[in-house]
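Chemist: Here's a structure for you.
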Amino acid sequence: MESIAQLLQLMPKYDALPALLRASLPMLVSSIVIFALLSLVVLFLVWLERKVSAHMQDRLGPMYVGGWHGWAQTIADAIKLLLKEDIVPESTDRVLFKMAPFIVFLGAFAAFVVIPFGASSIVSDLNIGVLYILAIGSLAVVGIMMAGWASNSKYSLYGGMRSVAQIVSYEIPAAIAIMTVVILVGSLSMQDIVNAQKGGIQNWFLFRNPFTFLAFFVYFIASLAEVNRTPFDIPEAESELVAGYHTEYSGMRFAFFFLAEYANMIVVAGVATTLFLGGWTQVLPGTLAAQLIPGPIMFFLKVMVLIFVQMWLRWSLPRLRVDQLMYLCWKVLLPASFILVVGAGWLAVYWK
Amino acid sequence: MQVEYSGDVMTLNMGPQHPSTHGVLRLELKTDGEVVAEAIPHIGYLHRCFEKHAENIEYPGVVPFTDRMDYCAAMNMELGYVLAVEKLMGIQVNNRVRCIRIIMAELNRIASHLIAAGTYGNDMGSFTPFLWCFRDRETILDIFEETCGARLLYNYNWIGGLMFDVQPGFEKKVIDFIDYFEPQVDNLNTLLSDNFIFIKRTANVGIMSPALALSYGVTGPNLRGSGVKFDVRKDEPYLGYEEIDFEVQVGLGEHGPVGSCWDRYMVRIREVKESCKIIRQAVAKMTPGDVQESIPKRIKPPAGEVYMRTECPRGELGYYIVSDGSLKPYRVKVKSPCFTVMSAFREISRGAMIADIIAILGSVDVVLGEIDR
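Keeping their order, the protein sequence lines are chains C and Z.
All letters in the first sequence, in the order written, are residues 131 to 482 by the numbering used here.
All letters in the second sequence, in the order written, are residues 87 to 459 by the numbering used here.
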């Protein structure tokens, strides 16, 4: 945000603007930039997911729209969703029904504020960045519960209930797994965490010691569950609950749930990259590639690898059952994350 | 799995339009949270009066109607009817017809089991096996299309013979397909059958004990999944199955009690491999001949009644035909394998969770067209 504010200073007559506008303009511009970037990346990801799934399933996927490998397919789909009639079923709680998709989307969108894309490409390097990510991630629960309740449909209600139980449970192992890194760095700021991993692949927390190595997997699994990705997609389990909490949604409101789902994929991959894979730092510093690839591109490449893993999992694994999901959370991941935190704490104290 | 429930129940209507009720089945679920106290199946949404229709149509005209019962295994449906009428009239068909019928029936069994396994994967949340199965099924449908012009509802088995002889090069195509297909079954096992999550989801769910299965008259892969070695092809052979060497596959309970969803699923996968063996032998036994030589000029069976049972992919399919000596059957009654297993459904799904209901329903592999007729 600071760099955007500096850019705005160069605008003619900027100082003549009212003080309130001058203070809020950088925020507005950064959110627009992030929203535009996010929408573009999501369009790309939807296309990519369709391609990945298609090739895993011996198909071609979209091939027609736009010419080259159907690159414009998702753009066409987005336009279709925009133009569709906005249906609000009669027996719904109208206010909650209309608000829910935006709250879910807000939860995913607001997390981008603290994700560092590059050395200076961060909206706001909050000193409680990690805490903020965890807090804003839980906002989706409210929206999903609202959607499930307001739809006045039994399937939606089941989806909402399952989702709340799942997200609330899985936040705990995810948060504790993150704490291993926080203990070693000694800061909650995302930029500090990235800076602590500078100097190439061997300095990444993924490879630095066994506790953070395992913490990465605990975090990745738990956050997959937190954002309802397969194999933990029971809130929207297609074969059981039709579409879960968004059964009754159509058109643009449905698109917002969809957008939030993919935005969440990026958040999970982004946070995992920042905390464990060195964020925007170079993989092999000192080489020619390191000089040619700027930080944000490096970050994007790492994120794409993790997103590909998410897609790979989605198209190869079956779905867990509700009780098995809870078993995994409370009896496997949670004790594991406790042990990891103790181990990391021991390292931080005795292994300076 | 038995779970306590408080008695405060909510009724959830699953179907008739639902992604995983495999057609138009309606399940009335009495749920308490995620636990289902009772799952009551309601059928009849696809009733087309097949049996009444059959009373008003001449014998050969009934064959296309039988296709439409179990549309996933139409070859086997018409085979049962045709064999019943042939038994009534005392027609003997030649070796070529018998071999082609066996090949077609077994290819259709593979296609049908592929649908069962693929959609089961889909029910469990894994979409990729579904398309892998459909890719291989496509080759079978191509062979059918080349032979009789239809891909789903064939009208290929006629009373006393076949609609057409097979095309030249048919044998090679079939053997090529089997050669390609057998390794694909192992691929499917790697992806789905032996998957840890899949086993966890299915292995302790929907247990049908052998006694329960027998008391409800369950047949086919569902009965064999409970460990009972019964197969009409082996125990009451027809079409020359007695000369063919194959094993009757039963559920072994590798991952839990015998008769679980995983056992029923796995029996189908193993049966697909047995079908491949049968097809190889039947192709080797094929001799030249006229496939229409024993088709009677006029199909007018003598007065009497006949019961013929065959092993269709979903179990024992029985045709009971009463003839009054006219051109039309007096009565055609079908003993449907899916109907009997649907009656046991309520028993095996008691106390399961909502996700388990889908697992159980997918594992018994019903086709509503055959239940409702």
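Think of the CB as a built atom: it goes at the ideal place given N, C-alpha and C, for glycine as much as any other residue.
Who are the near neighbours of Phe341(C) in its chain, counting only those whose CB is closer than 7 Å to its CB and skipping five residues on each side?
Modeler: The residue given as residue 341(C) occupies position 211 in the first sequence. Contacts found: Thr310, Leu470, Gly473, Ala474, Leu477.
Chemist: With DSSP as the reference, label Ile330(Z) as helix, strand or coil.
Modeler: The count along the second sequence starts at 1 and reaches residue 330(Z) at position 244. Ile330(Z) falls in the coil class under three-state DSSP.
Chemist: I want to know whether the stretch 412 to 422 of chain Z touches the stretch 127 to 141 of chain Z - three or more CB-CB distances under 8 Å.
Modeler: Yes, the stretch 412 to 422 of chain Z touches the stretch 127 to 141 of chain Z.
Chemist: Ignoring anything shorter than 3 residues, give me the beta strand (DSSP E) runs that lie fully in the stretch 231 to 265 of chain C, in order along the chain.
Modeler: none
Chemist: Confirm, please, whether the CB-CB distance from Ile245(Z) to Val314(Z) is below 7 Å.
Modeler: For this step, residue 314(Z) is matched to residue 228 along the second sequence. For this step, residue 245(Z) is matched to residue 159 along the second sequence. The answer is no: Cβ separation not under 7 Å.
Chemist: Excluding the 5 residues flanking Ile189(Z) on each side, which residues of the same chain have their C-beta closer than 7 Å to its C-beta?
Modeler: The count along the second sequence starts at 1 and reaches residue 189(Z) at position 103. Same-chain partners within the cutoff: Val260, Ile365, Ala368, Val369.
Chemist: Pro448(C) and Met210(Z): beta carbons closer than 7 Å?
Modeler: As a first step, residue 448(C) is located in the first sequence; it is residue number 318 there, counting from the start. As a first step, residue 210(Z) is located in the second sequence; it is residue number 124 there, counting from the start. Result yes, Cβ atoms of Pro448(C) and Met210(Z) sit closer than 7 Å.
Chemist: Give the residues from the stretch 106 to 123 of chain Z that approach chain C closer than 9 Å (Cβ to any Cβ), ordered along the chain.
Modeler: Ser106, Thr117, Gly119, Glu120
Chemist: Roughly how many whole angstroms lie between the Cα atoms of Ile385(Z) and Phe263(Z)?
Modeler: On the second sequence, position 299 is the one that residue 385(Z) refers to. On the second sequence, position 177 is the one that residue 263(Z) refers to. If I take the Cα positions, the gap works out to 36 Å.
Chemist: Using alpha carbons as the reference points, say which of Ser409(Z), Ile434(Z), Gly404(Z), Gln378(Z) lies closest to Pro388(Z).
Modeler: Against the second sequence, residue 388(Z) aligns to sequence position 302. Relative to Pro388(Z), the option among Ser409(Z), Ile434(Z), Gly404(Z), Gln378(Z) whose CA is nearest is Ser409(Z).
Chemist: Give me the Cα-Cα distance between Met87(Z) and Ser295(Z), rounded to the nearest whole angstrom.
Modeler: Taking the second sequence and counting its residues from 1, one reaches residue 87(Z) at position 1. Taking the second sequence and counting its residues from 1, one reaches residue 295(Z) at position 209. Below a pLDDT of 50, predicted positions are generally treated as unreliable, and Met87(Z), at 45, falls in that range; no measurement from the model is reported.
Chemist: Classify Gly255(Z) as buried or exposed, calling it buried when 16 or more other Cβ atoms lie within 10 Å of its own Cβ.
Modeler: Along the second sequence, read from residue 1 onward, the residue named residue 255(Z) stands at position 169. So Gly255(Z) counts as exposed.
Chemist: Could you tell me whether the Cβ of Lys181(C) comes closer than 7 Å to any Cβ of chain Z?
Modeler: Start at 1 with the first residue of the first sequence, and residue 181(C) comes out as number 51. Not closer than 7 Å to any Cβ of chain Z, the Cβ of Lys181(C) fails to qualify, so no.
Chemist: Classify Gly289(C): buried if its beta carbon has 16 or more other beta carbons within 10 angstroms, exposed otherwise.
Modeler: Counting from one through the first sequence, the residue named residue 289(C) turns up at place 159. Per the 10 Å Cβ criterion, buried.
Chemist: Rounded to whole angstroms, how far is the Cβ of Ala355(C) from the Cβ of Phe362(C), which I believe are closer than 8 Å?
Modeler: Walking along the first sequence from the start, residue 355(C) turns up at place 225. Walking along the first sequence from the start, residue 362(C) turns up at place 232. Confirmed, about 4 Å.
Chemist: Of the choices Pro465(C), Lys143(C), Phe350(C), Tyr375(C), whose alpha-carbon is the least far from that of Leu287(C)?
Modeler: Taking the first sequence and counting its residues from 1, one reaches residue 287(C) at position 157. Checking every option, the nearest Cα to that of Leu287(C) belongs to Tyr375(C).
Chemist: Compare the C-beta of Leu463(C) against all C-beta atoms of chain Z and say whether one is closer than 7 Å.
Modeler: To locate residue 463(C), count along the first sequence from 1; it is residue 333. Answer no: the Cβ-Cβ gap between Leu463(C) and chain Z never drops below 7 Å.
Chemist: Report the residues of the stretch 268 to 300 of chain Z with a CB closer than 8 Å to any CB of chain C, ordered along the chain.
Modeler: Leu277, Leu278, Asn281, Ile283, Phe284, Lys286, Arg287
Chemist: Does the beta-carbon of Lys432(C) have 16 or more other beta-carbons within 10 angstroms, so that it is buried, or is it exposed?
Modeler: Mapped onto the first sequence, residue 432(C) falls at position 302. That one is buried.
Chemist: Does any CB atom of chain Z fall closer than 7 Å to the CB of Gln187(C)?
Modeler: Along the first sequence, read from residue 1 onward, the residue named residue 187(C) stands at position 57. It does: the Cβ of Gln187(C) has a partner Cβ on chain Z nearer than 7 Å.
Chemist: If you compare alpha carbons, which of Ser198(Z), Tyr266(Z), Glu257(Z), Ala203(Z) is closest to Leu239(Z)?
Modeler: Here residue 239(Z) refers to the residue found at position 153 when the second sequence is read from its first residue. Closest by alpha carbon: Ser198(Z).
Chemist: Drop a sphere of 10 angstroms on the beta-carbon of Glu456(Z), count the other beta-carbons inside from all chains shown, and report buried for 16 or more, exposed for fewer.
Modeler: What you label residue 456(Z) is simply residue 370 of the second sequence in a count that begins at 1. Classification for Glu456(Z): buried.
Chemist: Which stretch, first to last residue, makes up the beta strand (DSSP E) that contains Gly404(Z)?
Modeler: Working through the second sequence from its first residue, we reach residue 404(Z) at position 318. Residues 401 to 409.
Chemist: In the DSSP assignment, find the unbroken alpha helix (DSSP H) run with Asn194(Z) in it and report its ends.
Modeler: To locate residue 194(Z), count along the second sequence from 1; it is residue 108. It spans 181 to 209 - the alpha helix (DSSP H) in which Asn194(Z) sits, taken as one unbroken run.
Chemist: For Thr233(Z), which three-state DSSP category applies?
Modeler: Mapped onto the second sequence, residue 233(Z) falls at position 147. In this structure, Thr233(Z) counts as helix in the three-state DSSP scheme.
Chemist: Could you say if the stretch 393 to 403 of chain Z and the stretch 422 to 435 of chain Z meet the contact criterion of at least three C-beta pairs nearer than 8 Å?
Modeler: yes
Chemist: With distances taken from CA atoms, which of Leu212(C), Gln136(C), Asn333(C) is nearest Arg152(C)?
Modeler: For the purposes of this step, residue 152(C) is taken as the residue at position 22 of the first sequence. The shortest C-alpha separation from Arg152(C) is found at Gln136(C).
Chemist: Starting from Thr360(C), find everything on chain Z with Cβ-Cβ shorter than 7 Å and list it in chain order.
Modeler: Here residue 360(C) is taken as the residue at index 230 of the first sequence, counted from 1. Within 7 Å Cβ-Cβ: Gly211.
Chemist: What are the boundary residues of the alpha helix (DSSP H) that Tyr480(C) is part of?
Modeler: Here residue 480(C) refers to the residue found at position 350 of the first sequence. Note, Tyr480(C): alpha helix (DSSP H), 464 to 480.
Chemist: Nearest to Ile233(C) by alpha carbon, out of Phe387(C), Ile423(C), Ala265(C)?
Modeler: Within the first sequence, the letter at position 103 stands for residue 233(C). That would be Phe387(C), whose Cα lies nearest to the Cα of Ile233(C).
Chemist: Just reading off the alpha helix (DSSP H) that Pro296(Z) is part of, what are its end residues?
Modeler: Numbered from 1 along the second sequence, position 210 holds the residue referred to as residue 296(Z). First-last of the alpha helix (DSSP H) with Pro296(Z): 296 to 301.
Chemist: Could you tell me which residues DSSP pairs with Arg112(Z) in its beta bridges?
Modeler: Your numbering for residue 112(Z) matches position 26 in the second sequence. According to DSSP, Arg112(Z) bridges with His128(Z).
Chemist: Can you have a look at Leu147(C) and say buried or exposed, based on whether 16 or more other CB atoms are within 10 angstroms of its CB?
Modeler: Counting from 1 along the first sequence, the entry for residue 147(C) is found at position 17. Exposed: under 16 other Cβ atoms inside 10 Å.
Chemist: Going straight from the alpha carbon of Met249(Z) to that of Ile196(Z), what length do you get?
Modeler: Taking the first residue of the second sequence as 1, we reach residue 249(Z) at position 163. Taking the first residue of the second sequence as 1, we reach residue 196(Z) at position 110. The alpha-carbon atoms of Met249(Z) and Ile196(Z) are separated by roughly 22 Å.
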